[in-house]
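Working notes for the structure below.
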Amino acid sequence: MKQRFKNMLERNRWIKGVPNSLTLCNSLCGFASILITLQAYKYEDDTNKMALIFALSAAMILFAMVFDALDGFAARLLNAGSMHGLQMDSLADMTTFGVAPATLVAVMAHNVDHLDTLREYVPICMLCAVYLGCAALRLATYNVHAMLEKKSSEKFSGLPSPGAAAAICVLVIFSAYSDLLPNARLIRYLPFYAALLGILMVSKIPYMHFAKWIVSTKRNKRRLFFLFLLFAAWIASGFLYNWYAFPTLVVNIYVVWGPIAYLAVKLGLLQARVEFTQEND
Numbered sequence: 025m026k027q028r029f030k031n032m033l034e035r036n037r038w039i040k041g042v043p044n045s046l047t048l049c050n051s052l053c054g055f056a057s058i059l060i061t062l063q064a065y066k067y068e069d070d071t072n073k074m075a076l077i078f079a080l081s082a083a084m085i086l087f088a089m090v091f092d093a094l095d096g097f098a099a100r101l102l103n104a105g106s107m108h109g110l111q112m113d114s115l116a117d118m119t120t121f122g123v124a125p126a127t128l129v130a131v132m133a134h135n136v137d138h139l140d141t142l143r144e145y146v147p148i149c150m151l152c153a154v155y156l157g158c159a160a161l162r163l164a165t166y167n168v169h170a171m172l173e174k175k176s177s178e179k180f181s182g183l184p185s186p187g188a189a190a191a192i193c194v195l196v197i198f199s200a201y202s203d204l205l206p207n208a209r210l211i212r213y214l215p216f217y218a219a220l221l222g223i224l225m226v227s228k229i230p231y232m233h234f235a236k237w238i239v240s241t242k243r244n245k246r247r248l249f250f251l252f253l254l255f256a257a258w259i260a261s262g263f264l265y266n267w268y269a270f271p272t273l274v275v276n277i278y279v280v281w282g283p284i285a286y287l288a289v290k291l292g293l294l295q296a297r298v299e300f301t302q303e304n305d
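Position one of the sequence shown corresponds to residue 25 (this note's numbering), numbered consecutively onward.
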């Protein structure tokens, strides 16, 4: 069966273009997110429409994560990994998880807080630039490690760029559909949070490779039970309060848990189990 599949790949070389096609879809989602974000300037007087536009922009970034996960899976399945694909993946991630979230935060601050003077707006732009620059540094570092053929592990070194982008996006979506954290309140803190996420991306703090853990082929009853609990909690929170509250909580706990666990290990309160190297994103 494996030999037949291998022969099919050799006869149909276009199949090896599937991973790159998925990577392009990732970058197109990022580009779409930027274009959607800029549409908010048409509705400066309508806060509800602006909030929905920002939520849609954030959703496009989250949607791109599906393609980001699938392109790597397809490359391994089809034995189509290449240096060309590696560079494409990093460029796509820079657009989607670097430029798009930074643009989203900057435009939100400009529109929602009505920052009309350069003196008011420059600090926000600088905070967004920290996020953007750190995303670029992280992806460049990954490329270097990949070319040196560093082995991957079960953990990331630093917060992965999709995780940083997700932390911003879930807050923006939650803000659009909840009175608890309206845009006017969120935007006071979001640029500072974005800069912090940028610093975490280039840090040496280990983060769990959550996607790899979920799709692991190893049978693990505890993992299945944990995923079941997450799903049940999401359903319960959706019916009782808000469908976006639980994902927002989970993603941001993931972000915060990294530094907490790192400090606990340094203080001897927690034992480190897994060695880690620089990973993708």
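Note that CB positions come from ideal geometry on N, CA and C, so glycine has one too.
Treat the numbers as computed from the prediction; the structure is a model and nothing was measured.
Is the distance from the Cβ of C49 to the Cβ of M84 below 9 Å? In terms of Cβ geometry, C49 and M84 do not form a close pair [threshold 9 Å].
Roughly how far, in whole angstroms, is the beta-carbon of L163 from the beta-carbon of S106, given that I think they are within contact range, below 8 Å? Not really, about 17 Å apart at Cβ, beyond 8 Å.
My output table needs one value for Y231: the three-state DSSP class, helix, strand or coil. In the three-state reduction of the DSSP assignment, Y231 falls in the strand class, which pools E and B.
Let's test the definition: count the other Cβ atoms within 10 Å of the Cβ of M89 and tell me whether it reaches 16, buried, or not, exposed. A residue is called buried when at least 16 other Cβ atoms come within 10 angstroms of its Cβ; M89 meets this threshold and is buried.
Using the C-alpha atoms, what's the distance from P271 back to T141? Approximately 36 Å between the Cα atoms of the pair.
Less than 8 Å separating the Cβ of K179 from some heavy atom of the ligand NAP? What this structure holds is no ligand at all, so the ligand NAP is not there to describe.
Does DSSP put S181 in a helix, in a strand, or in coil? In this structure, S181 counts as strand in the three-state DSSP scheme.
F87: which of F55, L273 and I229 sits nearest, CA to CA? F87 has its Cα closest to that of F55, out of F55, L273 and I229.
Count Cβ pairs between the segment 200-219 and the segment 246-260 that sit closer than 8 Å; are there 3 or more? As far as the Cβ criterion goes, the segment 200-219 does not touch the segment 246-260, which means the pair count is below three.
CA nearest to the CA of I211, picked from L102, N44 and M74: Comparing alpha-carbon positions, the option among L102, N44 and M74 lying closest to I211 turns out to be M74.
Counting only the same chain and skipping the five closest in sequence on each side, list residues whose C-beta sits under 8 Å from that of A98. Non-local beta-carbon contacts of A98 in its own chain, meaning distances under 8 Å to residues more than five positions away in sequence, involve V42, P43, L46 and A104 in chain order.
Applying the criterion that 16 or more other CB atoms from any shown protein chain within 10 Å of the CB defines a buried residue, is D95 buried or exposed? So D95 ends up on the buried side.
Check P206 in the structure and name its three-state DSSP category. In this structure, DSSP gives P206 a state outside helix and strand, which the three-state scheme calls coil.
Relative to the C-alpha of V196, which residue among K66, G292, T127 and F91 is closest? Of the candidates K66, G292, T127 and F91, the residue whose Cα lies closest to the Cα of V196 is T127.
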